Each structure stands twice: as structure tokens, then as C-alpha cells.
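Residue numbers (the UniProt record's numbering): 1 to 430.
By construction, the Cβ of each residue, glycine as well, lies at the ideal position given by its N, Cα and C atoms.
Keep in mind it's a predicted model, so treat the numbers as computed, not measured.
See below for the structure under consideration.
Here is the structure:
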């Protein structure tokens with residue numbers, strides 16, 4: 001895996017960790033708000049009754065002497081029930097129920113037929129279970145009265161006719177008995193035609209005790225999604241993106257490892273900082289006895305001062321003079337070779353007064369420092385443009401913080417780690 005791929009993978013993990021944290025915070029807040037909101041909502045109680053209707057009986061046919069009426073098949077029943085559902089769902093019936101309950105507005109009823117059967121449901125929802133139950137019961141009573149009124153209208157037409165037949169056939173005993181039998185049959189069928197079966201009386205449902213749980217689930221889903229979306233929008237508006245892609249492809253090399261600024265600042269062991277500094281120093285690409293390494297950061301939070309300190313520690317170890325042991329037992333510098341030296345220059349950040357064209361021209365190595373998920377694309381672009389004016393090899397060093405945002409919500413500037421310089425070794429003579 002290349003250096004760019006390694007750092008890019010780290011950048012992706014940092015972004016994902018931020019999104020996960022945002023999602024968790026959004027889930028918690030959303031679940032809390034959703035649970036409280038749904039728990040505080042007043043739930044309506046629905047009262048429901050089930051009725052089984054009967055197909056109408058043709059009393060006129062019975063009065064005419066028919067021994068049986070048209071078969072009560074499923075098609076006739078379905079048509080009758082469909083018509084009754086339409087009547088019960090009408091505005092007139094709702095107004096009648098409302099007037100019966102002394103209300104100024106029509107009652108809100110829900111009438112439904114179970115498939116194509118003779119079973120229908122009458123339901124009403126209200127904040128009060130008693131009101132919902134009384135509304136459904138009132139609708140049942142009015143419908144029962146309406147059916148009885150329909151039968152009474154038929155009887156008021158048929159019974160006088162049958163009475164006339166009885167008077168006309170009073171002398172004919174056989175005919176009189178037949179008319180009386182028809183009259184009794186009509187009255188019996190009329191009594192049955194004005195009834196229906198109440199399979200279930202108005203029954204209120206029990207309010208759901210898990211309503212708050214629904215709010216928690218919905219709130220968590222919405223809160224988590226909104227938190228992630230808000231973070232992505234904020235990241236885009238603040239011009240933050242992949243600094244590895246913006247900078248890594250334009251430099252000669254990428255230094256490894258990426259530096260965790262928090263860990264480095266907490267480290268007190270000098271040998272650890274020296275090891276890390278030598279690892280970075282060895283990856284600088286220039287050669288020669290006199291090297292000038294220029295370190296430039298994209299912003300004040302990039303951590304360029306930390307990189308400078310690490311490189312200075314490594315350069316001081318590589319730049320120690322090389323002495324030769326003479327035949328007379330004295331140390332003297334080799335006259336044939338010049339001692340290697342390296343100087344690390346802190347160029348500050350883009351726009352800093354220390355970063356001048358002369359400093360760029362004198363540098364044998366240029367180290368560009370950018371912090372992952374902190375520096376903007378504009379900062380990185382300016383850093384890349386400034387480095388292009390120099391002729392020295394350019395490498396990139398990336399820094400990061402596991403928890404970049406402090407309690408105040410502002411970015412913390414990177415501070416160079418404090419380290420003690422090693423004392424010069426005493427020269428010994430023989």
C-alpha cells in the first residue's frame with residue numbers, strides 16, 4: 001500500500017468516526033425528543049361496533065300470496081349491504097347522529113364493509129372513550145329506528161288492503177282464513193325485517209402504552225439522519241474535503257507516519273520523539289552536505305511547529321562533526337571531506353512574514369504540513385502554489401487529532417513539543 005493510500009485511509013477513518021459520533025448524538029437527542037413528544041400527545045380512543053345486516057324482505061310479494069321470496073343469495077346481500085354502507089356514510093345520517101347527541105356539528109363516523117359479506121363496522125374516534133362509545137351507540141339506535149320506519153311505511157300501505165280483503169271475503173270462510181294467514185305472515189316478516197344482529201356492541205380500544213416507544217424509534221432515526229446530513233453540509237460549506245487528494249498528488253513524496261498531535265504533545269520520552277523525527281528526516285529527498293529543510297503549514301493548526309521540532313531533533317543528531325584519530329593520538333577534522341550539516345527552518349504558514357521568496361529559494365527540501373479534517377481545500381491549494389515557486393523537492397507531512405474540537409468548539413492550535421537537547425560529548429585525547 002502506498003503512502004498516499006495509507007494516509008487517505010486514515011483520513012477516511014477520521015471522517016467516519018466524526019460521522020459516527022454525530023449520528024450517536026443525533027440518535028440520543030432525537031430519541032429523547034421523539035419519546036417526550038409522542039408520550040405527551042393525547043391519544044384518541046376509537047369505539048367500534050360490528051353489525052350483521054339482513055337482506056330486505058318483499059312484503060308486497062308475501063301479501064300477494066307468494067309462498068317464498070327471492071332467494072337471499074350472496075349477490076343480493078352484498079348489494080343491499082353496499083347500499084346501506086353508502087347511506088350510513090352520508091352527511092344526512094351524520095347530521096342526524098349529531099343532532100341526537102345535541103352537537104352543533106355532524107358526527108364523524110367511519111363505516112366499512114368486511115369484504116363482500118353482510119358484516120359492517122361502525123366506529124368513531126374521540127379523546128373521550130365515553131363520547132366515542134355513545135356516538136356509535138346513537139348511530140346504531142338511529143339506524144334501527146330507520147329500519148323500523150321503513151317497515152312501518154310498507155305496513156301502512158299493506159294492512160289496510162288486507163283489511164278490505166277480509167271484509168270483502170267475510171262470507172267465504174276459506175278465503176277469509178287465507179287472507180288472515182297472509183296478514184299474520186306479513187306482520188311476522190315485518191317484525192323480522194326491522195332487526196339486525198349486533199355482533200359486537202360499541203367497544204373502545206385500549207390506548208397504546210407503547211406510544212412513547214414509537215416516538216423514540218422515529219426520533220432516533222430522524223435525529224441520526226439529520227445529524228449526519230448537517231455535518232456533511234457544514235463540512236462542505238466550510239470548504240473541508242480530502243486534503244490528501246488535494247496535496248498528495250502534487251508533491252514528490254508523502255512522509256510516513258501521519259502525526260497524531262495529541263499523542264506527540266503528551267509524549268515526554270525524548271527517545272520516542274527522536275525516533276519519530278529520524279523517520280521523517282530520512283524520507284526527505286535532497287542530498288548534500290549542507291541541507292536547508294523548510295517546513296510550511298497550511299494554517300496555524302496544521303502542526304508545522306511540531307514537525308519542525310521533530311526534524312530539528314533528528315537533524316542535530318545527523319549533523320555532528322566526524323573526527324579522525326591521528327597517528328600522534330589527537331583528534332582532528334578530516335581535511336578531505338566537509339562535515340555534513342542540516343538546518344531546519346520554520347516557515348510558519350501561508351501569509352506569514354517568515355515565508356519569503358529568498359527562504360524558498362534557499363531551501364533544499366520543502367515540507368508541506370496539513371492537518372486532516374481541519375485544514376480547508378483553499379489553505380491546501382495556497383500551500384501547494386507557494387511550494388511550486390521553489391526548485392527543491394517537495395514532500396507532504398500530514399497531522400491529525402483524534403478529538404480536534406475542544407470544549408469551546410474552536411480549533412486548538414498545535415504547539416511544538418518541549419524536548420531537552422542532548423549535551424555535547426567531551427573530547428578525549430590520548
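With 16 as the cutoff for other CB atoms within 10 Å, does residue 87 come out buried or exposed?
-> Per the 10 Å Cβ criterion, exposed.
Contact belief for residue 4 with residue 295 at Cβ below 8 Å, rounded distance in angstroms | Incorrect: roughly 20 Å between the Cβ atoms, too far for contact.
DSSP state of residue 137 mapped onto helix, strand, coil | DSSP places residue 137 in the helix class (H, G or I) of the three-state scheme.
Flag this pair as yes or no: are the beta carbons of residue 277 and residue 310 separated by less than 8 Å?
-> If you check the CB distance, residue 277 and residue 310 come in under 8 Å.
Given a cut-off of 8 Å, decide if residue 298 and residue 367 are closer than it, judged by their beta-carbon atoms.
-> No, they are not a contact pair.
Taking C-beta to C-beta, are residue 262 and residue 393 nearer than 8 Å?
-> With respect to residue 393, residue 262 sits apart: the two C-beta atoms are not nearer than 8 Å.
Mind checking residue 51: buried by the 16 CB within 10 Å criterion, or exposed?
-> The residue is buried, with at least 16 neighbouring Cβ atoms inside 10 Å.
Report the rounded CA-to-CA distance for residue 356 versus residue 2, giving the unit in angstroms.
-> If you draw a straight line from the Cα of residue 356 to the Cα of residue 2, it comes to about 33 Å.
Short Cβ contact (8 Å threshold) for residue 53 with residue 196 = Here residue 53 is near residue 196, since their CB atoms are less than 8 Å apart.
Where do the N-terminal and C-terminal ends of the beta strand (DSSP E) with residue 357 fall, by residue?
-> Per DSSP, residue 357 is not a residue of any beta strand (DSSP E); the alpha helix (DSSP H) it occupies stretches across 357-362.
With distances taken between CB atoms, is the gap from residue 292 to residue 388 smaller than 8 Å?
-> Cβ atoms of residue 292 and residue 388: not closer than 8 Å.
Residue of 48, 95, 102, 110 minimising C-alpha distance to residue 199 = Checked all of 48, 95, 102, 110; the closest Cα to residue 199 is 48.
For my contact list, residue 79 and residue 142 are in at a C-beta cut-off of 8 Å; report their separation, rounded to the angstrom.
-> Not quite, the Cβ-Cβ distance comes to about 23 Å (not below 8 Å), so this is no contact.
Kindly identify the DSSP beta-bridge partner or partners of residue 297.
-> Paired residue(s): 349, 369.
Cβ shell of residue 113 (< 6 Å), same chain only, five flanking positions each side left out = Excluding five sequence positions before and after residue 113, the CB atoms of its chain that fall closer than 6 Å to its own CB belong to 81, 85, 120, given in chain order.
So, is residue 332 buried or exposed, given that buried needs 16 or more other C-beta atoms within 10 angstroms?
-> Summary for residue 332: the model assigns pLDDT 40, below 50, so the residue's position carries little reliability; its value from the coordinates is reported in the next sentence. So residue 332 counts as exposed.
For residue 113: DSSP bridge partner residues = Residue 113 is bridged to 120.
Going by other Cβ atoms of all chains shown within 10 Å of its Cβ, with 16 needed for buried, is residue 371 buried or exposed?
-> Buried is the call here.
Whole-angstrom C-beta distance between residue 304 and residue 435, which should lie under 8 Å = Nothing about residue 435 can be read from this structure; the chain reaches only from 1 to 430.
What does residue 400 pair with, by DSSP beta-bridge criteria?
-> Residue 400 pairs with 260.
Which class does residue 108 belong to by DSSP, given the choice of helix, strand or coil?
-> Three-state result, residue 108: coil.
Find out if the Cβ-Cβ distance for the pair residue 224, residue 23 is shorter than 8 Å.
-> Going by C-beta atoms, residue 224 is nearer than 8 Å to residue 23.
Would you check if the distance between the CB atom of residue 222 and the CB atom of residue 264 is smaller than 8 Å?
-> Against a cut-off of 8 Å, the Cβ pair of residue 264 and residue 222 comes out as no contact.
In three-state terms, what does DSSP make of residue 233?
-> Residue 233 carries a helical assignment under DSSP once its states are collapsed to helix, strand and coil.
Grab the span of the alpha helix (DSSP H) containing residue 278 for me, first residue to last.
-> Residue 278 -> alpha helix (DSSP H) spans 270-282.
Look at the alpha carbon of residue 329 and the alpha carbon of residue 289, and state the distance between them as a whole number of angstroms.
-> With a pLDDT of 39 at residue 329, under the threshold of 50, the modelled position of this residue cannot be trusted; read the value that follows with caution. Going from the Cα of residue 329 to the Cα of residue 289 covers about 27 Å.
Taking residue 342 and residue 315 to be in contact with their CB atoms under 8 Å, please state how far apart those CB atoms are, rounded to whole angstroms.
-> Contact between residue 342 and residue 315 holds: their C-beta atoms lie close to 4 Å from each other, under 8 Å.
Taking residue 49 as part of the beta strand (DSSP E), name the residues at either end of that continuous run.
-> Where residue 49 is concerned, the enclosing beta strand (DSSP E) stretches over 45-52.
Local conformation of residue 211 per DSSP, three classes | The answer is helix: DSSP assigns residue 211 an H, G or I state.
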